[in-house]
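Chains as they are written, first to last, in our numbering: chain L, 1004 to 1327; chain D, 1004 to 1327.
Every residue gets a Cβ at the ideal spot worked out from N, C-alpha and C, and that includes glycine.
Notes to accompany the following structure.
This is the structure:
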């Protein structure tokens, strides 16, 4: 069988089975792996991005560097961890301008600095297609680490930010009708320079209220499916409570289309978490409750009618490129 | 200016200047960066390899995975550190066989296990050209870390192993006269499945005798130039003392050609170090003394005549691909 027929998630599953890993969290199980280091866990994640599927021609070098760094730092945020550093490997075409390469690294550096960390490693290599691989290392107290496992029936399901903003950016980019849209700049900034929710992740870890955490880089629905697998639970979402960003509303055909952008498109890099309802007051960051953890099933209530939440979102290999 | 005109080393130098790094060792300065973590240093390194310049078609998937892992672990060895884990990002063509992808990860895993560590992270991405990016994390006691800086005039210059073995492998691969050469298997194993000198690096760090350390992945001469820059010193080598591997001798035209393979070709992944002469007895691993640290200059004595050691070896971008 070919890699392209199998798809990314199935491939990763098979690859993970080959690994002799005795870490607390092993590759494939969570946003990061985790190994014990004194009284902390060291958490580690790596993300590979490349021009064809991740960097549209409208992105500047700075934004490309920012995006690659933010993507990997978002996984550190999703463990409630404090970033220690990021390494960035860059495969770059011989014919690229040196100024462009410098701009990419400026973007990496800026994203690190803004998130209280630094670039601590790099490599450059000649490559036909621009390719960036960011690896982030973080640490978190052993009793504070948050993972995808731990959601319990009855917990509230919560999300930060307004969803579908990056997806709105994709539409605004591809459709000339939105060239002068008042929210275009904001949506494109979200799409090209997403903010890893480092401070939010740390606040959630400190709160003691959160039972499971993940980022929404692949979209809300796929992230819920990941939580469901790791926590062995189901979810019941109330469509009316899902915080759809104004930009997503303004580029949607109808209510159903709004939900598509908010549920089934990636790139928002927000945090999705479950929390004990009696401890919600301890959570010091802005968030929205969108549903409940249930025993099993992936339910979406739309106008009082229950639908099955689809396992649809951003997946590489099997279906590459952003959806519109 | 284009990236290909500037060359890798000059590009890395410019990139490193952009980075706000407050680590003990920052990117570009050494084999690894280092950050303080309790009473240890966490050392981190990342290496990008891809098909066109690193993986000849004769390599199996297993060997490709091994090589990518070994290359990054060799940098951990060069700090005298204990590896904590390796992440591996794999960009793989859609049309690749799943069996091949699994074989690559088997090779990564085997190299980790044989060096007392484990794969703790991964990512897969669709890519036209097979690309592997390994990132290794290690730790070392703060008072034991070895870097490229610290060589002092009068120190002995030492190297592990027999040099030019990987370079002999390249010749044997490209020249059908060597198809049945008795050392072919050994040389190709060195070329395709190099051994990162983790245990040697740790022993050197523990000895208290070593003043500077680097691996020879880019060749002995370029590695000496790196030590020279970091330690602000020169070197005087005795050609007669350089341990040329039997395989390199057997595929060389003459003595000068032997030295070319041993000095100016990469891929051996041995350790090159400087040590206090009065403490040499404390070094518990096999090594060869090949010269002395001097105040300045890069001298090579061949049959009593001094030559300038050339800054030639394996450099990407400016001159890609292995030399023969």
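Taking the Cβ atom as the reference point for each residue, do residue i and residue j lie within a distance shorter than 9 Å?
i, j, result
"residue 1088 of chain L", "residue 1201 of chain D", "no"
"residue 1032 of chain D", "residue 1208 of chain D", "no"
"residue 1218 of chain D", "residue 1034 of chain D", "yes"
"residue 1228 of chain L", "residue 1312 of chain L", "yes"
"residue 1187 of chain L", "residue 1005 of chain D", "no"
"residue 1044 of chain L", "residue 1151 of chain L", "no"
"residue 1009 of chain L", "residue 1135 of chain L", "no"
"residue 1215 of chain L", "residue 1316 of chain L", "no"
"residue 1110 of chain D", "residue 1030 of chain L", "no"
"residue 1086 of chain L", "residue 1064 of chain L", "no"
"residue 1123 of chain D", "residue 1140 of chain D", "yes"
"residue 1264 of chain D", "residue 1166 of chain D", "yes"
"residue 1067 of chain D", "residue 1101 of chain D", "no"
"residue 1246 of chain D", "residue 1305 of chain D", "no"
"residue 1077 of chain D", "residue 1220 of chain D", "yes"
"residue 1158 of chain L", "residue 1279 of chain L", "yes"
"residue 1164 of chain D", "residue 1049 of chain D", "no"
"residue 1011 of chain D", "residue 1127 of chain L", "yes"
"residue 1104 of chain L", "residue 1093 of chain L", "yes"
Under three-state DSSP, which class holds residue i?
i, result
"residue 1103 of chain L", "helix"
"residue 1314 of chain D", "coil"
"residue 1005 of chain L", "strand"
"residue 1273 of chain D", "coil"
"residue 1322 of chain L", "At residue 1322 of chain L the pLDDT is 38, less than 50, meaning the model places this residue with poor confidence; the figure from the coordinates comes in the next sentence. Reduced to three states, the DSSP call for residue 1322 of chain L is strand."
"residue 1327 of chain L", "Note on residue 1327 of chain L: pLDDT 47, under 50, position unreliable in the model; the coordinate value appears next. Three-state result, residue 1327 of chain L: coil."
"residue 1072 of chain D", "helix"
"residue 1248 of chain D", "coil"
"residue 1022 of chain D", "coil"
"residue 1064 of chain D", "helix"
"residue 1172 of chain L", "helix"
"residue 1196 of chain D", "coil"
"residue 1017 of chain D", "helix"
"residue 1145 of chain D", "coil"
"residue 1108 of chain D", "helix"
"residue 1201 of chain D", "helix"
"residue 1254 of chain L", "coil"
"residue 1079 of chain L", "helix"
"residue 1150 of chain D", "coil"
"residue 1028 of chain D", "strand"
"residue 1166 of chain L", "strand"
"residue 1098 of chain L", "coil"
"residue 1284 of chain L", "helix"
"residue 1260 of chain D", "helix"
State the beta-bridge partners of residue i as determined by DSSP.
i, result
"residue 1295 of chain L", "L:1159 and L:1239"
"residue 1220 of chain D", "For residue 1220 of chain D, which the question treats as bridged, DSSP gives no partner whatsoever."
"residue 1136 of chain D", "D:1051 and D:1092"
"residue 1301 of chain L", "L:1238"
"residue 1036 of chain D", "D:1047"
"residue 1308 of chain D", "D:1305"
"residue 1213 of chain L", "L:1278"
"residue 1124 of chain D", "D:1090"
Enumerate in chain order the residues of its own chain whose CB-to-CB distance from residue i is below 7 Å, with the five nearest sequence positions on each side excluded.
i, result
"residue 1285 of chain L", "1210, 1211 and 1212"
"residue 1168 of chain D", "1190, 1193, 1248, 1250, 1251 and 1271"
"residue 1081 of chain D", "1034, 1204, 1216, 1217, 1218 and 1274"
"residue 1024 of chain L", "1030"
"residue 1054 of chain L", "1132 and 1133"
"residue 1026 of chain D", "1036, 1037 and 1038"
"residue 1130 of chain D", "1094, 1095 and 1096"
Count the other CB atoms, across all protein chains shown, that sit within 10 Å of the CB of residue i; report buried if there are 16 or more and exposed otherwise.
i, result
"residue 1327 of chain D", "Any reading at residue 1327 of chain D must be qualified, since the residue scores a pLDDT of 46, below 50, and its modelled position is unreliable; the value itself is stated next. Exposed, since its Cβ has fewer than 16 Cβ neighbours within 10 Å."
"residue 1259 of chain D", "exposed"
"residue 1309 of chain D", "exposed"
"residue 1116 of chain D", "exposed"
"residue 1083 of chain D", "buried"
"residue 1090 of chain L", "buried"
"residue 1257 of chain D", "exposed"
"residue 1277 of chain L", "buried"
Output needed for residue i: all residues of its chain with C-beta closer than 6 Å, excluding positions within five of it in sequence on either side, in chain order.
i, result
"residue 1254 of chain L", "1171 and 1174"
"residue 1073 of chain L", "1114, 1197 and 1199"
"residue 1302 of chain L", "1239 and 1309"
"residue 1244 of chain L", "1293"
"residue 1222 of chain L", "1267, 1268, 1269, 1316 and 1317"
"residue 1058 of chain D", "1067"
"residue 1290 of chain D", "1161 and 1163"
Which same chain residues end up closer than 8 Å to residue i when comparing Cβ atoms and leaving out the 5 residues on each side of it in sequence?
i, result
"residue 1236 of chain L", "1154, 1155, 1156, 1230, 1296, 1297, 1298 and 1299"
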